[in-house]
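Sequence order for the protein chains is A and B. For the first sequence, this note's numbering assigns the number 486 to the last residue and increments by one with no breaks. For the second sequence, this note's numbering assigns the number 658 to the last residue and increments by one with no breaks. Note that CB positions come from ideal geometry on N, CA and C, so glycine has one too. Quick caveat: nothing in here was measured; it's all calculated off a predicted structure.
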Amino acid sequence: MITTIAIFLPLLGALLMMLLPASFGERNVRYVALGVAAVPLLLGLYIYLAYGANLGAGALSQDVTWIETFNIGYRVGLDGLGFGMFLLSALLTLVAVVAAWDVQRNLRQYFAILFLAEVGMLGVFAAQDLVLFYIFFELTLVPMYLLVGFWGDENRGPAAIKFFLYTFLGSTVMLAGFLAFGILAGTFSISGLDAGAGLGGTAQVALAAPILLGLLIKVPAVPLHSWLLDVYVSSPTSTNVMLSGILPKLGTYGIIKIAIPLLPQGVQPFLPYIAALGVLNIVYGAFVAFAQPDLKALVAYSSIGTLGFILLGAASVNAVGLNGAVLQQVTHGLYSALLFILVGVIAARTGTRQIAELGGLMARMPWAGGLLALGALAAMGLPGLAVFVSEFMSIMGGFEAYPIQGALAALGIVLSAMYLLYMLAGVVFGPVERPEFERVEDAGPVEMTAIVPLAVLLVVLGIFPGLLIGIQRPAVELVLAAIGGS
Amino acid sequence: MDQSVGGQLVIAAIPGIPALVFLVLALFGRYLGENAQFVAIFGVVGSLVFSATALVLVVGGGQPLDFAVNWIDLGEGGSFPIGVFVDGLAAVMLVVVCFVSLMVQLYSGAFMEGDRRFSWYYAVLNLFTASMLGLVLAPNFIQLYIFWELVGVCSYLLIGHWFEKPSAVAAAKKAFIVTRIGDAALFVAIIMFWRATGTTSFEGISQAAQAGFIGGGVLTAAVILVFVGAIGKSAQFPLHVWLPDAMEGPTPVSALIHAATMVAAGVFLVARTYDIFVQSPTAMLTVAYIGGFTAIMAATMAITKTDIKRVVAYSTVSQLGYMMLGLGVGAYTASIFHLYNHAFFKALLFLGAGSIIYAMNSYNLQNMGGLRRRMPVTFWTMVIAGLSLAGIFPLAGFWSKDLIVAEAFEAHFYVLYGMALLTVLLTAFYIFRAIFMAFAGEPRTEEAREATESPGIMTGPMVILAFLAVVSGWVGLPDGFLGLPVRDLFGEVVAPTAFAQEQLGIEPHGFDYLLAAVAVVMALGGIGLAYLLYVRRPELSGQLSRRFAGVHTFLEKGWYFDALYGATFVRGASALASAVRGFDGRVLGGLVGGVGRSIRWSGERMKPVQSGGVQNYALFILLSVLIIGVIVGAEALLIVVALIALFTIAAVAVGARL
Chain A
1 MITTIAIFLP LLGALLMMLL PASFGERNVR YVALGVAAVP LLLGLYIYLA
51 YGANLGAGAL SQDVTWIETF NIGYRVGLDG LGFGMFLLSA LLTLVAVVAA
101 WDVQRNLRQY FAILFLAEVG MLGVFAAQDL VLFYIFFELT LVPMYLLVGF
151 WGDENRGPAA IKFFLYTFLG STVMLAGFLA FGILAGTFSI SGLDAGAGLG
201 GTAQVALAAP ILLGLLIKVP AVPLHSWLLD VYVSSPTSTN VMLSGILPKL
251 GTYGIIKIAI PLLPQGVQPF LPYIAALGVL NIVYGAFVAF AQPDLKALVA
301 YSSIGTLGFI LLGAASVNAV GLNGAVLQQV THGLYSALLF ILVGVIAART
351 GTRQIAELGG LMARMPWAGG LLALGALAAM GLPGLAVFVS EFMSIMGGFE
401 AYPIQGALAA LGIVLSAMYL LYMLAGVVFG PVERPEFERV EDAGPVEMTA
451 IVPLAVLLVV LGIFPGLLIG IQRPAVELVL AAIGGS
Chain B
1 MDQSVGGQLV IAAIPGIPAL VFLVLALFGR YLGENAQFVA IFGVVGSLVF
51 SATALVLVVG GGQPLDFAVN WIDLGEGGSF PIGVFVDGLA AVMLVVVCFV
101 SLMVQLYSGA FMEGDRRFSW YYAVLNLFTA SMLGLVLAPN FIQLYIFWEL
151 VGVCSYLLIG HWFEKPSAVA AAKKAFIVTR IGDAALFVAI IMFWRATGTT
201 SFEGISQAAQ AGFIGGGVLT AAVILVFVGA IGKSAQFPLH VWLPDAMEGP
251 TPVSALIHAA TMVAAGVFLV ARTYDIFVQS PTAMLTVAYI GGFTAIMAAT
301 MAITKTDIKR VVAYSTVSQL GYMMLGLGVG AYTASIFHLY NHAFFKALLF
351 LGAGSIIYAM NSYNLQNMGG LRRRMPVTFW TMVIAGLSLA GIFPLAGFWS
401 KDLIVAEAFE AHFYVLYGMA LLTVLLTAFY IFRAIFMAFA GEPRTEEARE
451 ATESPGIMTG PMVILAFLAV VSGWVGLPDG FLGLPVRDLF GEVVAPTAFA
501 QEQLGIEPHG FDYLLAAVAV VMALGGIGLA YLLYVRRPEL SGQLSRRFAG
551 VHTFLEKGWY FDALYGATFV RGASALASAV RGFDGRVLGG LVGGVGRSIR
601 WSGERMKPVQ SGGVQNYALF ILLSVLIIGV IVGAEALLIV VALIALFTIA
651 AVAVGARL
């Protein structure tokens, strides 16, 4: 029950936002939104503290038959695979509310739609039924589309449409796979479908193909990523937080939670290629980022690059790699949200995102510049910060399963340092590029409120990764048992 | 052995204290201002005391301190512990790191006075020290890698401390990226070991290799990759290009990087994993020849430099080459002995160079001259450091360098012996060339004429280090040297394992007086040559460089390595990145963009259908779909699908209006 409450509370929040009278001041709207966003996070933290070691507890799950003919149900529950992302969704929504300073018009609607998206995100990571998973999956898409479409920059229209159609195409393909799977197996319950549900190898492959394709578009895996750049660049900062922090994980989570354990024989032939796609993401993302003149586009491609580690770790299907992938979902969200917010801060202060026009910001913006450096170091997998832990586990697991892919992924260590250090040299270090930068102000208290929790979590999880690995390990072992037992 | 909780706390505190100091200074530095140095010095003294305690414990106990806890625990899936392993090697390194760090931190108080980011400088200095200490304590590859990377990032931050200067930013970036190439190789080696043996502990991998779990080509490949990591950090050929540029950082930082942290890490890594290295003769030969080649190459680069810091920087590259050579030919103890002695005289050379820079505000040897009268303390300490570096009896450098050179001969590596001996000559020449150019003759500029000796807080550490540059080697006198009742204490504390000794088949042999004499004569020859060319007949050196202009430029440009790498790797990477980005935008983006444009076109046609209040309209659709779906309860799946389709069409229609 508590899970359901956590999922749908933001829906009430969305209604509340719409009901607020127009005369309600902008500042007050922001405070109410903060309150609304804090509740699911507090519930999530309560669950972590009370049930962290035992997420399978009955108190957390619910099973209501909805469409009996097809055995579709409202089935939700938490497990170690999704709980990290469940918490991160709640956290990043709160961060996004704080970071929504660049949204000025129609603020109530903005927050209402943001909370709708949160319902979808929380729902995806708790769904235990394929159709429900799909519904929540899609429920994130439309609000995100609207957020970009209405509140984005001048290029938002085409960007939003491309984003919507491309990923909708993907999820429709995925839905087709789900429907066929559920009908053949006689149930849509994820727990009822364990390890192939008695289907033969060929049937599993036929089902896995569309499901994987749909999920890989969502991630996105290179070369299915061309919807991403425009929509990332056009979005307001707070939408970026959700777009990069949570949305890609819907795809990777689907692979880890659904494709691998439910269709073990089906995904088997695809795994080396998924690992290879992961490597492609890492290398390709790094090179494109290296040549980006636009700071936000650079961060977008950096984000694509480090998503590759999730694919590599997931495809390794061993304890180290899979744990790394599950953890990287969270750590990627933390660092990419941090970087996007800082890009927003810098762009707002200086009026430009062109790396060539920036430079020397450290002199006047030590906090923003220093934290940008911290985020960049996290992105390049510096030990002591959380991304390192998940990346090294993903690479190690990936290398154990696929030595060539794993060794190539280690190249990412050099490539990411290359473009991120060029970025730092061009943006925060060096002489002050323009006289007006002598007068820019550092990140203010509101902005720091959005940034600091992410930075602190990157450090804390970097030193104590057991905080999350401890709760995800039992669920990862179940996935391994499913694929090992087939 | 004292494995008690108290003992463990003492060990953990060694890197823990500077890490804590970093945290305090990073968070509260702005309130402390320049008082930050006292917090930092207090901390590093604590670490030094505990390090000395650890040394006593290990030497007294006769066996290593070793304990670990699980950091990442995946049960049967594998686990990654963190812990400490303190043997003689680690204990000696701990003391050296803490001691040099203390000297540098004392000295920095004056050198960095008035710096805009004074407390941040001290914060990073302490993180640097903590990282190096953590690295030295590591019992396994993952922990080593963690601190290895932290050492790298600290040097990045310190080299780029004056980031208003573009050259400092470029040097910091270069240092990080070049060493990261080595780091990536090291990482691949780690995962190769892990895949083959299921462990990351040094001890475990060595034993697994002995048991045949990993062997032949794989072992050799992995060990050579570990060595590539060491090449990056220790600035060996062909990844040496970052170290001379790293001079952009504050001079005390150079002292720390060159003496105790960062570059020492590469040599330490090879020593720490020596039991694995000795199992691959190919890898050992690689280590020896890369080291020998680097030693002579860097020494030739040093002889034409006019920037005093760069002379000393190339000297470090060359000396680290010696240590690698020594490790490669089996002279384990001698190499570590040289690392230890080198730490003191090299730190001193940098602090001396810093003292001159502090006085004159110039790095350029051609602007100096005659400083011996103006800066007597700096002069005499530099001469002592130079004699020690050149390997003149009985200074510290003599004992360790001579051991390496002699062992190369004894182990029948005559080519390497020849290279090492030639390097002795070059070393003595380049360092005394620099010393004579700075201190001898008459002042060549106004600044040199008016230079004054640095304050006591700077010369104090220099005098202490000068004392050590003379005597530090005396703890490792050969047993019964000249019939005196002396013992090789260093060799008793830092010795290769019984396994490594057996694998190398090294016969113990006595001190070879003839080889030592030859080396000292070579060194004296180098000093004499420098005296001739730069004191007695200064016009000769100018004539020589004009006569052999091509050679001079070749050496001056560092054998054109920077130009070569710039034209190939740097430009190659940029060109490749631009090409990939072009492909990404035009080919992939173009395909999808075409589809998008046609959709937009159809959206334009639908525009009149819509009417105002778009946001609320969209929300209405969303909410009603949700409510209908849940409450009414679709009996058939068809309805769900139909709803979704409707949902989509509506959304696209709304999108077209944007």
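List the residues that DSSP assigns as beta-bridge partners of residue i.
i        : result
A/Ala127 : A/Val76
B/Pro81  : B/Asn70
A/Ile67  : A/Ile72
A/Asp294 : A/Gln354
A/Ser189 : A/Asp129
B/Asn364 : B/Asp307
Assuming residue i and residue j form a contact by the criterion Cβ under 8 Å, report the distance between their Cβ atoms to the nearest whole angstrom.
i        : j        : result
B/Thr294 : B/Gly266 : At roughly 11 Å, the Cβ-Cβ gap does not stay under 8 Å, so B/Thr294 and B/Gly266 are not in contact.
B/Leu661 : B/Met437 : The structure shown does not extend to residue 661 of chain B, since chain B is modelled only from 1 to 658, so the question has no answer here.
B/Ile296 : B/Leu422 : 6 Å
A/Val233 : A/Ile483 : That pair is no contact at about 38 Å.
A/Glu340 : A/Val299 : First, the residue type needs correcting, since residue 340 of chain A is Phe and not Glu in the sequence shown. Their Cβ separation, rounded to whole angstroms, is 6 Å, which keeps A/Phe340 and A/Val299 in contact under 8 Å.
Check whether the Cβ of residue i lies closer than 8 Å to any Cβ atom in chain A.
i        : result
B/Ala222 : no
B/Ile205 : no
B/Leu27  : no
B/Asp307 : no
B/Phe268 : no
B/Asp584 : yes
B/Ile72  : yes
B/Leu588 : yes
B/Ile177 : yes
B/Arg272 : no
B/Arg433 : no
Taking 8 Å as the CB-CB limit, is residue i close to chain B?
i        : result
A/Met515 : The structure shown does not extend to residue 515 of chain A, since chain A is modelled only from 1 through 486, so no value can be given for it.
A/Leu295 : no
A/Gly384 : yes
A/Met362 : yes
A/Gln128 : no
A/Leu421 : yes
A/Gln204 : no
A/Gln292 : yes
A/Ser226 : yes
A/Val288 : yes
A/Leu494 : Outside the shown range of chain A, which is 1 to 486, sits residue 494 of chain A, and nothing can be said about it.
For the ligand HEM, I want to know if residue i counts as a neighbour, meaning its beta carbon is within less than 7 Å of at least one of the ligand's heavy atoms.
i      : result
A/Leu9 : The ligand HEM is absent from the structure shown, which contains no ligands of any kind.
So residue i contacts chain D; which residues on that side make the cut at Cβ distance below 9 Å?
i        : result
A/Ala425 : No chain D is part of this structure, whose protein chains are labelled A and B.
- [ ] Could you run through the segment 231-264 of chain B and flag, in chain order, every residue whose CB is less than 8 Å away from some CB of chain A?
- [x] Against chain A - using a Cβ distance shorter than 8 Å - the segment 231-264 of chain B contributes no residues.
- [ ] Please confirm if the segment 490-503 of chain B is in contact with the segment 327-342 of chain B, defined as three or more CB-CB distances below 8 Å between the two stretches.
- [x] Yes, they touch.
Open item on the list: Between the segment 422-435 of chain A and the segment 359-377 of chain A, can you find at least three pairs of beta-carbon atoms closer than 8 Å?
Closed with: Contact between the segment 359-377 of chain A and the segment 422-435 of chain A is present, because at least three Cβ pairs lie under 8 Å.
- [ ] Check each residue of the segment 306-337 of chain A: if its Cβ is closer than 8 Å to any Cβ of chain B, include it; give the result in chain order.
- [x] Asn318, Ala319, Val320, Asn323: these are the residues of the segment 306-337 of chain A whose beta carbon lies less than 8 Å from some beta carbon of chain B, given in chain order.
Task: Residues in the segment 116-131 of chain B having any Cβ partner in chain A nearer than 7 Å - done: Against chain A - using a Cβ distance shorter than 7 Å - the segment 116-131 of chain B contributes no residues.
- [ ] For the segment 325-337 of chain A and the segment 389-407 of chain A, state whether three or more C-beta atom pairs, one from each stretch, are separated by less than 8 Å.
- [x] The segment 325-337 of chain A is in contact with the segment 389-407 of chain A.
Open item on the list: For the segment 180-203 of chain B, list every residue whose C-beta sits within 7 Å of some C-beta in chain A, in sequence order.
Closed with: Within the segment 180-203 of chain B, those residues whose Cβ lies closer than 7 Å to any Cβ of chain A are, in chain order, Arg180, Ile181, Asp183, Ala184, Phe187, Val188, Ile191, Trp194, Arg195.
TODO: Pull out every residue of the segment 554-579 of chain B whose Cβ sits closer than 9 Å to any Cβ of chain A, in chain order.
DONE: For the segment 554-579 of chain B, the set of residues with a beta-carbon nearer than 9 Å to any beta-carbon of chain A comprises Ala573, Ser574, Leu576, Ala577, Ser578, Ala579, in chain order.
Task: Contacting positions in the segment 394-417 of chain A - beta carbon closer than 8 Å to chain B - done: Against chain B - using a Cβ distance shorter than 8 Å - the residues of the segment 394-417 of chain A are Ile395, Met396, Phe399, Glu400, Pro403, Gly406, Ala407, Ala410, Leu411, Ile413, Val414, Ala417.
- [ ] Can you give me, in chain order, the residues of the segment 430-457 of chain A that have a beta carbon less than 9 Å from any beta carbon in chain B?
- [x] Within the segment 430-457 of chain A, the qualifying residues are Gly430, Pro431, Val432.
Task: Residues within the segment 466-481 of chain A neighbouring chain B, beta-carbon criterion of under 9 Å - done: Answer set for the segment 466-481 of chain A: Gly466, Ile469, Gly470, Arg473, Val476, Glu477, Leu480.
- [ ] Could you say if the segment 144-162 of chain B and the segment 92-107 of chain B meet the contact criterion of at least three C-beta pairs nearer than 8 Å?
- [x] The segment 144-162 of chain B, when compared against the segment 92-107 of chain B, does not touch it at the 8 Å Cβ threshold.
Open item on the list: Taking beta-carbon pairs under 9 Å, can you tell me which members of the segment 136-154 of chain B lie near chain A?
Closed with: Look at the segment 136-154 of chain B: the residues with a C-beta under 9 Å from a C-beta of chain A are Ile142, Tyr145, Ile146, Phe147, Trp148, Glu149, Leu150, Gly152, Val153.
Open item on the list: Short of 9 Å Cβ to Cβ, which residues in the segment 73-86 of chain B face chain A?
Closed with: Flagged, chain order: Asp73, Leu74, Gly75, Glu76, Gly77, Gly78, Phe80.
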